[in-house]
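Structure first, then comments.
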Amino acid sequence: MDNVRTQGILGKESSKRLRQKTVLVVGLGGVGSFCVEALARTGIGHLILVDADVFEDSNRNRQLGATQETIGQKKTEVLKKRVLSITDAQVDTYDFFYDHTKDKELFSHTIDFVCDCIDSLSSKQDLMQACLQRQIPFLSCMGMGRRFDPTKLEVMELEKTSNDPLAKRLRIWKRKQRIKNKIPVVCSRETPIPQVEGQPLASVIFVPASAGLLIAKECIERLLK
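Numbering (the working numbering), first residue to last: 2 to 226.
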């Protein structure tokens, strides 16, 4: 997709380079769906989308693909259809829950960047390990629930995160695994609101959507360096 408005920011040659890039997005919820949208509209030539879930009614407040018409449909299928309505990119989809057992299949592709938009701690750990072992650049999203202010989002190293229970658990894991590599993440500095016992995780569109756009922006920037 050669868009003159995009070229006005990135330049014509950079836009051509993005057509040759392959980006893996794991997790297509509130963060991942907006990340995919931005990558498609910026001209990534090959997208690999991974998610095992279908859209539910509770997703409609924050997930790009969730509408009254898509409830019960696979997230991968809905987002693939959306991407192909925007651009002529190649789109591959995998309808499974990611863990290390899927590495051989996923990384049979030559991947230029990985966007980790997963909620599961163990899956995040597996994906980080897979990227580090293969020296594939990646960016991992931390917790975006129970927050309201998208201006508190930052890209930082995992060791510099604060006010994020998920990031704290990952820091402990990283030290136990004696991982010396820097792990880049998108994290909010906002203190999360208290979780109400017995209620689902509270979330509103502003923070996860902004996180998805921020991950996509960082992905594009790093691919062009």
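Glycine included, each C-beta is placed from N, C-alpha and C at the ideal position.
Out of curiosity, what's the CA-to-CA distance linking residue i and residue j?
i, j, result
"K13", "E38", "21 Å"
"D272", "T43", "The displayed coordinates of the chain run from 2 to 226. Any statement about residue 272 would go beyond what the structure contains."
"R83", "Q8", "22 Å"
"E158", "T94", "29 Å"
"K175", "D127", "12 Å"
"T77", "H101", "20 Å"
"D113", "S163", "29 Å"
"N4", "I10", "10 Å"
"Q91", "I194", "40 Å"
"L215", "E198", "31 Å"
"K177", "S141", "19 Å"
"K192", "P138", "First, the amino acid is wrong: residue 192 is Thr here, not Lys. Roughly 28 Å between the two C-alpha positions."
"L18", "A217", "Here residue 18 turns out to be Arg, not Leu, going by the sequence shown. Going from the Cα of R18 to the Cα of A217 covers about 16 Å."
"D89", "K81", "11 Å"
"R61", "Q74", "13 Å"
"R179", "K161", "17 Å"
Leaving out the 5 sequence neighbours to the left and right, which residues in its chain are closer than 6 Å to residue i when beta-carbon positions are compared?
i, result
"L133", "N182"
"V156", "V187 and E219"
"I72", "F56 and D58"
"A131", "D104"
Between the options, which lies nearest to residue i when the distance is taken from Cα to Cα?
i, options, result
"L40", "S16, R61, A53 and P195", "S16"
"Q196", "G146, E160 and E155", "G146"
"I221", "R20, R6 and V5", "R20"
"R63", "S34, A217 and I112", "S34"
"G31", "R18, N4 and T68", "T68"
"S240", "I137, F97, R135 and S109", "Only positions 2 to 226 of the chain appear in this structure, which leaves residue 240 out of reach."
"S109", "K75, G144 and R135", "R135"
"S227", "V79, A203 and L171", "For the chain, the structure presents residues 2 to 226; residue 227 sits outside this window and is missing."
"G28", "R18, R6 and L65", "L65"
"Y99", "T192, V92 and D117", "D117"
"R172", "L122, K105, I137 and Q74", "L122"
"L224", "M129, A53, V115 and L107", "V115"
Within the same chain, show all residues whose beta-carbon is closer than 7 Å to that of residue i, passing over the 5 residues directly before and after it, in chain order.
i, result
"T111", "T23"
"K103", "F97"
"I87", "A41 and R42"
"A212", "V32, C142, M145, L154 and V187"
"L85", "V92"
"V79", "F56, G66 and T71"
"I184", "M129, S141, E158, L159 and K175"
Quick test of the definition: if touching needs 3 or more C-beta pairs under 8 Å, does the region 185-197 touch the region 164-173?
yes
Determine contact between the region 47-54 and the region 16-34, defined as no fewer than three beta-carbon pairs at a distance below 8 Å.
yes
Cβ pair count under 8 Å reaching 3, the region 204-221 against the region 147-162:
yes
To test your reading of the DSSP string, which unbroken alpha helix (DSSP H) runs of 4 or more residues are found completely within the region 137-200?
166-177
Length-filtered (4 minimum) alpha helix (DSSP H) runs lying within the region 112-139:
122-135
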